[in-house]
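Written out below as structure tokens is the structure these notes cover.
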């Protein structure tokens, strides 16, 4: 599947049965992107140990596709090194969800931005230690 011919079954599955929902109280990095006034808001929290993402959780306010993108993103991140996660793009989300229609591509971009924000927060905190 691709962006022009999306497989909505995967999007629906992640929306109806989202993985890794909720806060991560002892998060090492947190990224929040979007604006409620304009639509979707995504908060991504990461638990990192020895340069590897052990856990990823999300809290998203938005449409079903934004929730599905958040869910897929957390699954894709677990087990990655920081360096691998820094290479994460919206295309990873699109592929994991079997494609997205053009009007929903912003949800995958929001996920990419949340990942980068959470990683930058983690790196910033490491500089303070």
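Residue numbers (my numbering): 2 to 130.
Built from N, CA and C at the ideal position, the CB exists for glycine as well.
None of these values were measured; they are calculated from a predicted model.
C-beta contact flag for residue i and residue j at 8 Å
i, j, result
"residue 114", "residue 34", "yes"
"residue 42", "residue 66", "no"
"residue 58", "residue 12", "no"
"residue 126", "residue 30", "yes"
"residue 20", "residue 75", "yes"
"residue 106", "residue 93", "no"
Range of the contiguous beta strand (DSSP E) that encloses residue i
i, result
"residue 104", "No beta strand (DSSP E) contains residue 104, which DSSP labels as neither H nor E."
"residue 32", "30-35"
"residue 93", "That residue, residue 93, is in no beta strand (DSSP E); its alpha helix (DSSP H) goes 91-97."
"residue 60", "53-62"
Reference residue i, options the options, closest by Cα
i, options, result
"residue 71", "89, 108 and 102", "108"
"residue 80", "53, 122, 18 and 29", "53"
"residue 95", "69, 82 and 85", "69"
"residue 38", "55, 63 and 102", "63"
"residue 25", "17, 51, 36 and 55", "55"
"residue 15", "88, 97, 82 and 28", "97"
Enclosing alpha helix (DSSP H) for residue i [first to last residue]
i, result
"residue 75", "65-78"
"residue 12", "9-17"
"residue 38", "It is not in any alpha helix (DSSP H) - residue 38 carries neither H nor E in the DSSP assignment."
(request) Evaluate contact between the segment 112-126 and the segment 37-51, counting only Cβ atoms and requiring at least three cross-stretch pairs below 8 Å. (result) yes
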